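**Student:** Structure below; questions to follow.
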Ligand code: NAD
């Protein structure tokens with residue numbers, strides 16, 4: 134393979150460079166391990182070496198972690214051996230007879246961090262790409278190449294838990310603060326500094342006798358077994374509160390830390406490799422890994438089938454409308470290095486857009502993710518205007534003016550008159566058909582949808598809407614721009630509600646109906662947060678804005694009257710209760726903070742909350758989740774997206790649908806479509822025809838298949854034909 138190159142200088146400095154051939158990043162695979170094992174044997178026997186620097190030959194990456202493709206090929210029964218193999222290798226590194234220094238000048242994650250932990254010293258550069266962490270829990274596992282054993286011994290229990298249980302990543306400054314790295318070094322002098330540092334260690338012997346190394350006492354609590362137990366108990370409570378207990382990995386990681394407390398390293402490693410088998414291969418782990426691959430897959434896609442289509446490069450963006458969404462979109466562009474020009478109809482609105490962008494940057498500064506200087510630099514990428522000056526230079530303009538067809542058509546016509554024929558118009562509309570907006574366009578092939586979710590800087594999904602006349606090049610350009618902005622795009626067909634809002638509509642209106650039928654607001658929401666949603670449907674309606682939701686609901690009700698019906702929330706809008714932004718919706722709000730459910734909301738809805746819930750939680754859950762599954766099946770039949778995997782990705786990234794389930798349709802598959810059909814039919818009998826199962830569901834239930842076992846699109850087409 135030749136992933137490692139060893140150079141030994143006359144003065145005894147060994148430099149081991151990891152540079153995986155043919156790959157953009159360094160990953161730890163079986164083959165890499167085989168080669169590294171041989172290299173380590175050679176190193177241990179090389180009499181010339183007095184200290185060793187371990188570095189990467191890749192720009193911006195030290196080691197990205199394990200090669201996750203191999204995770205799909207390992208059986209659950211092999212994982213303990215796999216973990217032990219990695220541990221043994223890193224032990225071999227830890228036992229080299231001279232000081233070892235890891236030079237981290239880029240991404241250092243998972244197995245990369247575990248390798249660095251096995252070195253005597255760690256240096257990290259302040260390059261923007263450089264970060265260190267153990268993201269394993271996000272993939273449903275925990276570090277099992279020695280990470281849970283070495284990290285607490287190095288940085289103490291509290292700091293170790295903070296990394297292992299959350300998967301968070303640190304820059305050099307923070308890593309230095311907790312003692313994870315020895316020095317945070319300016320990128321410009323990193324290589325030179327690292328060599329000097331390693332050279333200065335030569336002849337010093339190992340850092341400290343490994344046996345004598347005791348966990349550092351960070352706080353008084355950490356000094357005693359009792360104190361450490363308290364820390365772990367507190368951490369366990371926090372994990373349960375944050376995840377509802379749906380994710381086994383952080384809980385098992387806590388068990389490991391408990392079992393290994395005070396054990397010698399060898400015995401502790403044995404516990405770690407034994408317990409990884411409790412999470413690896415489980416449903417949650419497989420779902421989270423599947424989600425990771427689905428997101429990675431998008432990075433390789435172009436948004437169109439034709440491999441010859443190339444996206445146009447975007448060097449400047451225009452944004453029409455500097456409101457809530459426009460301000461957010463311009464901020465995002467500026468953050469990712471693309472100058473953005475905003476246009477609005479009045480100076481106050483423009484000022485509001487700048488203020489909204491500044492507020493997002495300010496938050497990053499407060500969280501120390503950005504310096505004041507960087508914020509100033511990014512704000513300088515924003516400009517504003519009341520006319521179309523400067524828009525001719527913007528290859529793509531995102532339209533985010535008010536949600537009115539006439540206004541959008543006018544704006545499109547004005548914009549077309551001001552820009553060259555190659556410019557692209559991407560509307561951020563939530564509900565208006567792209568084809569309708571472009572009906573009188575001179576260049577309809579250059580009009581598409583680019584639907585961001587609110588708040589723009591947090592929500593990772595963008596729906597790229599392909600109108601009937603939108604060209605491949607336009608779709609590919611908008612798709613590629615979404616990726617450049619750090620989002621995950623999903624291409625959807627130009628039908629009412631597109632994908633995510635269409636699937637949410639029956640869910641949200643059913644939640645309102647449940648309240649009108651006597652359920653308490655907080656009970657309805659709790660069923661869904663227990664299910665794993667980040668917020669319940671009624672709280673979500675308050676966050677979205679009831680006026681916005683009612684408008685979208687009207688469009689969907691007009692398109693699909695047999696299934697999507699208003700829940701009656703327009704009464705709340707009429708009463709001025711618009712949700713969080715107006716200080717009152719289903720809940721009351723104090724300074725923007727959600728309080729108790731509002732009595733007057735019940736009165737306006739003419740609902741009487743019963744002390745005894747009228748339906749048990751499982752019925753409430755079925756009434757809320759199954760209509761989403763059903764609507765997703767109709768979406769597949771209508772060709773809104775190409776495959777069930779896209780529905781799941783969009784629902785997870787666009788609504789926070791619980792990742793541990795693998796997504797809406799994975800969840801349905803694991804319930805079984807026979808059961809899904811049965812429950813929908815039962816609901817139809819009890820509550821009305823809006824629950825009638827889609828053809829696809831009936832067909833798949835008959836065939837004993839699932840959305841994934843038959844391609845959803847194919848299943849839809851089969852029924853349609
Ligand atoms: P907003 O009311 O906050 O902002 C709209 C802005 O457009 C205002 O500043 C207004 O002055 C400006 N405007 C009106 N006419 C204009 C014109 N002719 N030229 C330039 N600017 C003009 O609205 P918003 O919430 O930002 O929504 C904008 C778009 O984004 C809508 O299409 C909406 O459906 C969509 N959207 C909204 C959300 C959301 O949660 N609010 C989410 C996704 C998409």
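Residue numbers (this note's numbering): 134 to 854. Ideal Cβ positions, reconstructed from N, Cα and C, are used throughout, including at glycine. This one's a predicted model, so the numbers in the text were calculated from it and none came from an experiment.
#1: List, from N- to C-terminal side, the alpha helix (DSSP H) runs of 4 residues or more that fit wholly inside the stretch 575-619.
#2: Using the rule of at least 16 other Cβ atoms within 10 Å of the residue's Cβ for burial, across every protein chain shown, is residue 830 buried or exposed?
#3: Just the Cα atoms here: how many angstroms apart are residue 293 and residue 505?
#4: Any idea if residue 345 is buried or exposed, counting beta-carbon neighbours within 10 angstroms, 16 or more meaning buried?
#5: Does the beta carbon of residue 540 fall short of 7 angstroms from some heavy atom of ligand 1?
#6: What runs of the alpha helix (DSSP H), each 4 residues or longer, lie entirely inside the stretch 769-814?
#7: Measure the C-alpha to C-alpha separation of residue 851 and residue 834 and round it to an integer number of angstroms.
#8: Would you say residue 520 reaches chain D, if we count a Cβ-Cβ gap shorter than 8 angstroms as a contact?
#9: Hey, would you say residue 796 sits closer than 8 angstroms to residue 781, going by beta carbons?
#10: Within a Cβ cutoff of 8 angstroms, which residues of the same chain sit near residue 173, ignoring the five residues on either side of it in sequence?
#11: Tell me which same chain residues have a C-beta within less than 6 angstroms of the C-beta of residue 622, skipping the five on either side of it?
#12: Less than 7 angstroms between the CB of residue 544 and some heavy atom of ligand 1, yes or no?
#13: Leaving out the 5 sequence neighbours to the left and right, which residues in its chain are closer than 8 angstroms to residue 192 when beta-carbon positions are compared?
#14: Please determine, among 751, 678, 420, 635, the residue with the shortest C-alpha to C-alpha distance to residue 722.
#15: Buried or exposed: where does residue 691 fall if 16 or more other Cβ atoms within 10 Å of its Cβ makes it buried?
#16: What residues are listed by DSSP as bridge partners for residue 475?
#17: For residue 448, count neighbouring C-beta atoms within 10 Å of its own C-beta (all shown protein chains included) and say buried if the count is 16 or more, exposed if not.
#18: How would you write the range of the alpha helix (DSSP H) that residue 359 sits in, first residue to last?
#19: How many Å lie between residue 788 and residue 455 at the Cα?
#20: Would you kindly report the start and end of the unbroken beta strand (DSSP E) that includes residue 317?
#21: Please identify the residue among 182, 198, 458 whose C-alpha is closest to the C-alpha of residue 189.
#22: Determine the closest residue to residue 406 out of 324, 318, 282, with distance taken between C-alpha atoms.
#23: Between the stretch 658-670 and the stretch 691-702, are three or more C-beta pairs nearer than 8 angstroms?
#24: What is the DSSP secondary structure of residue 188, counted as helix, strand or coil?
#25: Which residue comes first and which comes last in the beta strand (DSSP E) that contains residue 233?
#26: For residue 343, I'd like the list of residues in its chain whose CB is within less than 6 angstroms of its CB, leaving aside the five on either flank, ordered along the chain.
#27: Under the DSSP definition of a beta bridge, which residues are partnered with residue 730?
#28: When we look at the beta-carbon of residue 535 and count the other beta-carbons within 10 Å, is it buried (16 or more) or exposed?
#29: Checking the sheet assignment: what are the DSSP bridge partners for residue 532?
#30: Smallest Cα separation from residue 277: which of 307, 306, 243?
#31: DSSP beta-bridge partners for residue 151?
#32: I'd like the list of long-range same chain contacts for residue 148, defined as Cβ closer than 7 angstroms, with 5 residues on each side in sequence excluded.
#33: Can we count residue 458 as close to ligand 1, meaning its CB is less than 7 angstroms from some heavy atom?
#34: Look at the Cβ atom of residue 275, then the Cβ atom of residue 404, and state whether they are nearer than 8 angstroms.
#35: Would the C-beta of residue 293 count as close to ligand 1, meaning under 7 angstroms from any of its heavy atoms?
#36: Any heavy atom of ligand 1 inside 7 angstroms of the beta-carbon of residue 477?
**Tutor:** According to the structure shown:
#1: 605-617
#2: buried
#3: Within the model, the alpha-carbon separation for residue 293 versus residue 505 is close to 30 angstroms.
#4: Confidence in residue 345 is poor, its pLDDT being 42 and thus under 50, which makes the residue's placement unreliable; the coordinate value appears in the next sentence. For residue 345, the number of other beta carbons within 10 angstroms of its own is below 16, and it is reported as exposed.
#5: Correct: residue 540 has its Cβ closer than 7 angstroms to ligand 1.
#6: 777-788, 797-804
#7: Reliability of the predicted coordinates at residue 851 is poor, the pLDDT of 40 falling under 50, and the value obtained from them is presented with this limitation in mind. If I take the Cα positions, the gap works out to 14 angstroms.
#8: Chain labels in this structure do not include chain D; a single protein chain is all it has.
#9: yes
#10: 222, 225, 226, 229
#11: 595, 597, 612, 615
#12: yes
#13: 239, listed in sequence order.
#14: It is 678 whose Cα lies nearest to the Cα of residue 722.
#15: exposed
#16: 452, 517
#17: exposed
#18: 358-376
#19: Roughly 24 angstroms separates the two Cα atoms.
#20: Counted as a single uninterrupted DSSP element, the beta strand (DSSP E) harbouring residue 317 occupies residues 316-318.
#21: Nearest C-alpha to residue 189: 198.
#22: 282
#23: no
#24: strand
#25: 233-237
#26: Summary for residue 343: the model assigns pLDDT 45, below 50, so the residue's position carries little reliability, and this model does not support an answer.
#27: 720
#28: exposed
#29: 453, 560
#30: The shortest Cα separation from residue 277 among 307, 306, 243 belongs to 243.
#31: 137, 189
#32: Excluding five sequence positions before and after residue 148, the CB atoms of its chain that fall closer than 7 angstroms to its own CB belong to 140, 186, 188, given in chain order.
#33: yes
#34: no
#35: no
#36: Yes, Cβ of residue 477 sits closer than 7 angstroms to a heavy atom of ligand 1.
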